[in-house]
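Engineer: Here you go, one structure.
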Amino acid sequence: MAQQVQGVIAPGRNEPVRVETILVPDPGPGEAVVKIQACGVCHTDLHYKQGGINDDFPFLLGHEAAGVVESVGDGVTDVAPGDFVVLNWRAVCGQCRACLRGRPWYCFDTHNAEQKMTLLDGTELSPALGIGAFAEKTLVAAGQCTKVDPEVSPAVAGLLGCGVMAGIGAAINTGQVGRGDSVAVIGCGGVGDAAIAGARLAGAAKIIAVDIDDRKLETAKTMGATHTVNSRTGDPVEAIRALTDGNGADVVIEAVGRPETYKQAFYARDLAGTVVLVGVPTPEMQLELPLLDVFGRGGSLKSSWYGDCLPSRDFPMLIDLHQQGRLDLGAFVTETIGIGDIEQAFGRMHDGDVLRSVVVF
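Residue numbers (UniProt numbering): 1 to 361.
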């Protein structure tokens, strides 16, 4: 029997979000209902609200979440009621050409719950990234549930569901930062700071944080940045080269998602260096680069989806590092808020006043 819970929806493009009663159906085959304990307010949710992802309104927002499995449908064996899980939006299929080649983090057929959550009048909701976790409970594919140590705080664990994993993975998995490397990170929001933390974990010798906000640069230092560059007051490409003996950084991570900053990343890398795009662009953005410049440099230009992570491998590992005191996930939580405070949290995020607001249920 469907359950009635409270959830936060985006009713239309740029309209204020609101709390509504949501109907959550019983889990069908391969599905699970999860009682949400905490969910981070991610910039991707704001993209959904603004219509920057698609126009499938109304959206049930929220995706950076942790909670407890309440019930599962037929055929579910990997999780059971009572399991503490972090939700992920890349539930790999195991059968596509990427999975069969041993690269499941590139899975081309990730899956979500088949059934739809609805409003009381029957209006179907589009869950953000197939999750929809700004709600007391949500319905997901069981493969979107990753078990982790239940001793960790839900407000901390849930951040691995998107931004923190995207940033750390961009450095470690996609950029393959190694010991002694020089790394530059352009854009020091939640994802950029996570990339800085990931570069530090990987043993980078020099980590250069680039942003236009001195407050964000100060925070980046606490995450592991060894140098900072305010690109509002100077040329970041020249600054990064000056800090790397005139060569450019071994790995440059672009965590903004704009053509201008991507070009900065491209020209700020060493000749055989790597550029990683982890910032999310909007559909209308276009990139122009001289093809001769692309040809004349070695190295790699990479895009990082979700930090090229494999949740079953990476989530438990990062939780372990957090519990060992080697990765301070709590440093990403600026504030905890209630379900009715999300519209205001979007404003603080847009203004750069928070690293992460986390809704606690």
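Yeah, the Cβ is synthetic: ideal placement off N, Cα and C, and Gly gets one too.
Quick check on DSSP: helix, strand or coil for Thr228?
Structural biologist: One-based indexing of the sequence shown puts residue 228 at position 228. Strand, per DSSP.
Engineer: Taking all protein chains shown into account, decide if Phe361 is buried (16 or more other Cβ within 10 angstroms of its Cβ) or exposed.
Structural biologist: Here residue 361 refers to the residue found at position 361 of the sequence shown. Phe361 should be labelled buried.
Engineer: Report the three-state DSSP secondary structure of residue 370 (helix, strand or coil).
Structural biologist: The structure shown does not extend to residue 370, since the chain is modelled only from 1 to 361, so the question has no answer here.
Engineer: Could you check whether the region 134-149 touches the region 303-319, counting it as contact only if at least three pairs of C-beta atoms, one from each stretch, sit closer than 8 Å?
Structural biologist: Short answer: they touch.
Engineer: Helix or strand or just coil, what does DSSP make of Leu23?
Structural biologist: Walking along the sequence shown from the start, residue 23 turns up at place 23. Three-state DSSP puts Leu23 in a strand.
Engineer: Rounded to the nearest angstrom, what separates Ile53 and Thr21 at their Cα positions?
Structural biologist: Translated into the one-based positions of the sequence shown, residue 53 becomes position 53. Translated into the one-based positions of the sequence shown, residue 21 becomes position 21. Rounded to the nearest angstrom, the two C-alpha atoms are 24 Å apart.
Engineer: Between the region 283-303 and the region 110-120, are three or more C-beta pairs nearer than 8 Å?
Structural biologist: Contact fails: fewer than three Cβ-Cβ distances are below 8 Å.
Engineer: Pro154 by DSSP, collapsed to three states: which one?
Structural biologist: Within the sequence shown, numbered from 1, the residue matching residue 154 stands at position 154. Pro154 falls in the helix class under three-state DSSP.
Engineer: Just to confirm, is the Cβ distance from residue 362 to Arg241 under 7 Å?
Structural biologist: Given that the chain is displayed from residue 1 to residue 361, the structure contains no residue 362 and the question cannot be resolved.
Engineer: When burial is assigned at 16 or more other CB atoms within 10 Å of the CB, is Leu277 buried or exposed?
Structural biologist: Walking along the sequence shown from the start, residue 277 turns up at place 277. By the neighbour-count rule (16 or more Cβ atoms within 10 Å), Leu277 is buried.
Engineer: Measuring CB to CB, does Pro29 end up less than 7 Å from Gly75?
Structural biologist: For the purposes of this step, residue 29 is identified with residue 29 of the sequence shown, where counting begins at 1. For the purposes of this step, residue 75 is identified with residue 75 of the sequence shown, where counting begins at 1. Yes, Cβ-Cβ distance for Pro29 and Gly75 is below 7 Å.
Engineer: What residues match up with Leu120 in a beta bridge as DSSP calls it?
Structural biologist: Your numbering for residue 120 matches position 120 in the sequence shown. None, per the DSSP bridge assignment.
Engineer: Evaluate contact between the region 189-203 and the region 159-174, counting only Cβ atoms and requiring at least three cross-stretch pairs below 8 Å.
Structural biologist: Segments in contact, yes.
Engineer: What are the start and end residues of each continuous alpha helix (DSSP H) run of 4 or more residues lying completely inside the region 279-360, in chain order?
Structural biologist: The region 279-360 contains these whole alpha helix (DSSP H) runs: 291-295, 311-323 and 342-350.
Engineer: Can you tell me the Cα-Cα spacing of Asp245 and Val33, whole angstroms?
Structural biologist: Stepping through the sequence shown from its first residue, residue 245 is reached at position 245. Stepping through the sequence shown from its first residue, residue 33 is reached at position 33. Distance between the alpha carbons of Asp245 and Val33: 54 Å.
Engineer: Give the single residue among Arg215, Cys99, Ile36 and Asp214 whose Cα lies nearest to the Cα of Gln6.
Structural biologist: To locate residue 6, count along the sequence shown from 1; it is residue 6. Checked all of Arg215, Cys99, Ile36 and Asp214; the closest Cα to Gln6 is Ile36.
Engineer: Decide if Met223 is buried, meaning its Cβ has at least 16 other Cβ atoms within 10 Å, or exposed.
Structural biologist: Against the sequence shown, residue 223 aligns to sequence position 223. Met223 is buried by the Cβ-count criterion.
Engineer: Look up Ala199 in the DSSP assignment and say whether it is helix, strand or coil.
Structural biologist: Taking the first residue of the sequence shown as position 1, residue 199 is located at position 199. Residue state, collapsed to three classes: helix.
Engineer: In three-state DSSP terms, what is Phe84?
Structural biologist: On the sequence shown, position 84 is the one that residue 84 refers to. It is a strand residue.
Engineer: Give every residue of the same chain whose Cβ lies closer than 8 Å to the Cβ of Gly102, excluding the five residues on either side of it in the sequence, and list them in chain order.
Structural biologist: Reading the sequence shown from its first residue, position 102 is the one you call residue 102. Contacts found: none.
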